[in-house]
Amino acid sequence: MAAGCACQTTEEKSLPYAQLDEVIAKYRGEAAAIIAILQDVQELIGYIPKQSIAYMAEKLHVSPAKIYGIVTFYAQFRLAPVGRFNLMVCEGTACHVNGAKSLTRAISDELNIAGGETTEDGMFTLERVACVGCCSLAPVIVVDGEAYANMTPAQVRRLIGQLREKEQSAGEAQIAKEEL
Amino acid sequence: MQGKTVVKVGLSTCGIAAGGQKTYAALAREITKHGLDVELRRTGCIGMCYIEPIVEIISPVGENDYYGAVTEDKAVQLVEEHLLKSVPPYGLQVSHEKENVFSKQVRVALRNCGDIDPESISDYRSRGGYESLRKALLEMSPEQVIGEMLASGLRGRGGAGFLTGLKWRFTRAAKGEIKYLVCNADEGDPGAFMDRSIIEGDPHAVLEGMLLAAYAIGASVGYVYVRAEYPLAIVRLEKAIEAAREAGFLGENILGTNFNFILKIKKGAGAFVCGEETALLASLEGERGMPRLKPPFPAEQGLWKKPTCINNVETFANVPWIILNGGDKFKAYGTEKSSGTKVFALAGKIRRGGLIEVPMGITLREIVFEVGGGIPGGKNFKGIQLGGPSGGCVPESLLDTPVDYESIVKTGAIVGSGGMIVMDETTCMVDMARFFLNFAQNESCGKCTHCRVGTKRMLEILVRITEGKAQLEELDLLYELALEVKEGSLCGLGQTAPNPVLTTLKYFREEYETHLRERKCPAKVCRELLSYTIDAASCTGCGLCTRRCPTAAITGEKKAVHIISQEMCVRCGNCYDACKVNAVLVE
Chain A
46 MAAGCACQTT EEKSLPYAQL DEVIAKYRGE AAAIIAILQD VQELIGYIPK
96 QSIAYMAEKL HVSPAKIYGI VTFYAQFRLA PVGRFNLMVC EGTACHVNGA
146 KSLTRAISDE LNIAGGETTE DGMFTLERVA CVGCCSLAPV IVVDGEAYAN
196 MTPAQVRRLI GQLREKEQSA GEAQIAKEEL
Chain B
2 MQGKTVVKVG LSTCGIAAGG QKTYAALARE ITKHGLDVEL RRTGCIGMCY
52 IEPIVEIISP VGENDYYGAV TEDKAVQLVE EHLLKSVPPY GLQVSHEKEN
102 VFSKQVRVAL RNCGDIDPES ISDYRSRGGY ESLRKALLEM SPEQVIGEML
152 ASGLRGRGGA GFLTGLKWRF TRAAKGEIKY LVCNADEGDP GAFMDRSIIE
202 GDPHAVLEGM LLAAYAIGAS VGYVYVRAEY PLAIVRLEKA IEAAREAGFL
252 GENILGTNFN FILKIKKGAG AFVCGEETAL LASLEGERGM PRLKPPFPAE
302 QGLWKKPTCI NNVETFANVP WIILNGGDKF KAYGTEKSSG TKVFALAGKI
352 RRGGLIEVPM GITLREIVFE VGGGIPGGKN FKGIQLGGPS GGCVPESLLD
402 TPVDYESIVK TGAIVGSGGM IVMDETTCMV DMARFFLNFA QNESCGKCTH
452 CRVGTKRMLE ILVRITEGKA QLEELDLLYE LALEVKEGSL CGLGQTAPNP
502 VLTTLKYFRE EYETHLRERK CPAKVCRELL SYTIDAASCT GCGLCTRRCP
552 TAAITGEKKA VHIISQEMCV RCGNCYDACK VNAVLVE
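Just so you know, the protein sequences line up as chains A and B, in that order. Residue numbers are given in our numbering: position 163 of the first sequence equals residue 208, and the series is strictly consecutive. Residue numbers are given in our numbering: position 485 of the second sequence equals residue 486, and the series is strictly consecutive.
See below:
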């Protein structure tokens, strides 16, 4: 059981303990592999739930503070889940020079969220990243691993609409399927 | 292979982002449909990222044609016209363009990029791959390998520019049974993608370079520390390691000698400071990536306190070429103190953005205007940022500066890892300084007070300047702080973080002063200093701007000219972005 906190939160109950154990076992419980373990856990759950930190700390014989310190030090790790669509706005130098800020602003304005936040319906997250390395296509937005090149604020707004539609029609298809 | 037409598609991150996979699929489909006897292959980045996806068609007699911006539908056209009718579609041809881009280039580190299939070890071997390893293991002593590296004069391509051969000699001389070799592929400089392209385009060159280094210093275990943000690079590296192991180039008793070497990939988790070698080592050990004091240098006490040699991706990619062709041949390129060639990533306001490799000593002007094709849209050149957030901005008056380590440092910038961002008249230099400082501030690990707090205070001043809230005297304070941060920081991040501010203050001081004295941004970038009005002659009264305005500052009847209330306007710029007829004016 998780160390430190005796209360059973819903989050804790839903943690996939068996899979967490597998990840830890894969790295033979070595504390030096914390970063790799965290990367696997994030791949598994989508983020690093706070309760998983306490659990891993106990298994790896380190303090939760140490793991928390690592999680918050590296940009890759997230302590909260992301939305269905993670809108990654590249704010690297080339994108900045070519107007990345106006893209961030357009998303913020359209969805009413700031960088790092997720919309209430859990559909979109706005993530501002340093550089995705497609500098010649600046400004770039990456969604679900697909890069959208030479974007304008108007195109960003259109993209959000398209993604929303896509998700809705997928949802309706799912419902129709279930009804059958 | 002779007697067959070969079609190659550039499939690196930039090519894929531009739709290269769809092009590849369309080509495959069309070739099968027409039953053509054509070999379709994937390759890495040729460097002309601005016209990706790029397709190269090589005729059975070896003549090649390059095509740019080949989208899915253009791929169909290409198959029908070039392959079926043998009438090359000239509208898509970029062969001439390629000649222009390549005319000043000398490709050593990039020798195979955009040519071979990065996922095929036999392709790499057909270009002399792993021959240097054979030569070194069977004919040369480790000392001779180091000697050859010293003769080449190759300096570390990661930024600091330390002599590679010397680093190897120190690590070889260090006492210890176990020694480690580390490849730094944590390319964090925003706006630079040299290392990514090399790994994606020619991963075996990096592996072979590492094998040669391991042999020279006496290491049997190596790590590649690569950014998690580069998934394709990681996949190609994994495949390359697997193929090299199967071919007997990795593992035990390599090529029948008693040389053993195993290689592991470690994924970074996103921290710019991990490009600093001691921070990188801390991260490899599973800690927060915080730099430590040197000495002891990693060559004496590195990973797990064992002697460790850390080199950058591009450095390793040069090594096999140097061992095969001789250090002297590498030294024949470049200048006396900065020998050889260097890869640069050209981006920003440039016509032909992409990856280039040029001999050291070439001038910035040649790079920007001859290789890069100058500024698009008839705008004027303003400056070029070298070395990313650790570097500086070089103005037009210094464009004839030769690109070598010493000359660039004299301008206040650094060669760095090779990122070059071109800026034109629409770029605000105060905003750029703010951008870089914001980056450095975010990435400061927090260990040193000067870096942690100093950069924050500097950033606050810059923000106030761009918002029109600062006083002229604060420029002196900014300058003073910049010097303090440089002096009071332990590692390269803090020591160089003020460089963008110092160089823009030195070369573009009048732009700072205009922000402060007149509360105006000449490049029209700093929104708080702009005023938005609607041009009555072009406004169609469509109402788009009204709907986007967050403060209801825009009024007007439908189909009548709209007006922006200056009192209510918060200068967000939404109306400017929204207007389809460019009726919103900015001053």
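In this text, a Cβ means the ideal position worked out from N, Cα and C, and glycines have one as well.
Within-8 Å CB hit, residue i to chain B
i, result
"A:SER147", "yes"
"A:HIS141", "yes"
"A:THR138", "yes"
"A:ILE80", "yes"
"A:GLN207", "no"
"A:LEU132", "no"
"A:ARG150", "yes"
"A:GLY91", "no"
"A:GLY178", "yes"
"A:SER181", "yes"
Cα-Cα separation, residue i to residue j
i, j, result
"A:THR149", "A:GLU136", "9 Å"
"B:CYS275", "B:CYS576", "41 Å"
"B:VAL585", "B:TYR533", "7 Å"
"B:LYS105", "B:GLU407", "21 Å"
"B:VAL71", "B:GLY115", "16 Å"
"A:MET46", "A:ASP66", "Interpretation of A:MET46 is limited by its pLDDT of 40, a score under 50 that renders its predicted location unreliable; the figure taken from the coordinates is listed afterwards. The alpha-carbon atoms of A:MET46 and A:ASP66 are separated by roughly 12 Å."
"A:GLN64", "A:VAL187", "29 Å"
"B:LYS470", "B:TYR513", "12 Å"
"B:VAL227", "B:LEU294", "23 Å"
"B:ALA18", "A:SER181", "10 Å"
"B:SER383", "B:GLU132", "Note on residue identity: the sequence assigns Lys, not Ser, to residue 383 of chain B. So the two alpha carbons sit approximately 46 Å from each other."
"A:HIS141", "B:LYS507", "22 Å"
"B:LEU256", "B:ILE200", "24 Å"
"A:GLY216", "A:ALA99", "36 Å"
"B:TRP305", "B:GLY290", "14 Å"
"B:PRO90", "B:GLY327", "43 Å"
"B:THR342", "B:ALA215", "23 Å"
"A:GLY49", "A:ILE79", "Here the model assigns A:GLY49 a pLDDT of 44, short of 50, so the residue's position is not dependable, and the following value carries that caveat. Rounded to the nearest angstrom, the two C-alpha atoms are 19 Å apart."
is_contact[residue i, chain A] using C-beta, thresh 8 Å
i, result
"B:LEU282", "no"
"B:ILE422", "yes"
"B:TYR346", "Checking the sequence, you will find Ala at residue 346 of chain B rather than Tyr. True, the Cβ-Cβ gap to chain A drops below 8 Å."
"B:CYS573", "yes"
"B:PRO377", "no"
"B:THR334", "Per the sequence presented here, residue 334 of chain B reads as Tyr, with Thr not at that position. With 8 Å as the cut-off, B:TYR334 does not count as an interface residue toward chain A."
"B:TYR231", "yes"
"B:ALA272", "yes"
"B:PRO191", "yes"
Contact under 8 Å by Cβ, residue i with residue j
i, j, result
"B:ALA528", "B:ARG465", "According to the sequence shown, residue 528 of chain B is Arg rather than Ala. No, the pair does not count as a contact, with Cβ atoms beyond the cut-off."
"B:GLY271", "B:GLU239", "no"
"B:LEU463", "B:VAL431", "yes"
"B:ALA434", "B:VAL502", "yes"
"B:VAL225", "B:ILE179", "no"
"B:ARG458", "B:SER445", "no"
"B:ASN313", "B:ASP196", "yes"
"B:LEU37", "B:LEU84", "yes"
"B:CYS449", "B:LEU491", "yes"
"B:ILE218", "B:THR258", "no"
"A:ILE93", "A:ARG129", "no"
"B:LYS99", "B:MET141", "no"
"B:PRO591", "B:GLY210", "Here chain B covers residues 2 to 588 and nothing more, so residue 591 of chain B does not appear."
Beta-carbon proximity list for residue i, same chain, < 6 Å, skipping 5 on both sides
i, result
"B:THR427", "ALA524"
"B:ASP190", "GLY389, SER418, GLY420"
"B:GLY69", "ILE52, ILE55, VAL95"
"B:LYS521", "THR515, LEU530"
"B:LYS560", "GLY542"
"B:GLU1", "This structure cannot settle anything about residue 1 of chain B, because the visible part of chain B is limited to 2 through 588."
Nonlocal neighbours in the same chain, by C-beta distance under 7 Å from residue i, ignoring five residues either side
i, result
"B:GLU475", "ILE462"
"A:SER153", "ALA159, LEU171"
"B:THR504", "GLY393, CYS394, GLY413, ALA414"
"B:ASN439", "LEU460"
Sequence-distant residues of the same chain with beta carbon closer than 8 Å to residue i, five excluded per side
i, result
"B:ASP203", "GLY45, LEU111, ARG112, ASN113, CYS114, ILE117, PRO119, TYR125, ALA318"
Beta carbon proximity, residue i to chain D, threshold 8 Å
i, result
"A:GLY114", "Among the chains of the structure shown, chain D does not appear; the protein chains present are A and B."
(request) Enumerate, from N- to C-terminal direction, the unbroken beta strand (DSSP E) stretches of 3 or more residues contained entirely within the region 279–362 of chain B. (result) If you keep only unbroken beta strand (DSSP E) runs of at least 3 residues inside the region 279–362 of chain B, you get 309–313, 342–349, 355–360.
(request) Return the chain-ordered ranges of every alpha helix (DSSP H) run that is complete within the region 167–239 of chain B and spans a minimum of 4 residues. (result) Here the runs fully enclosed are 195–202, 204–218.
(request) Please list the segments of the alpha helix (DSSP H) lying wholly inside the region 47–100 of chain B, counting only runs of 4 or more residues, in order along the chain. (result) Entirely contained in the region 47–100 of chain B, the alpha helix (DSSP H) runs reaching 4 residues are, in chain order, 73–79.
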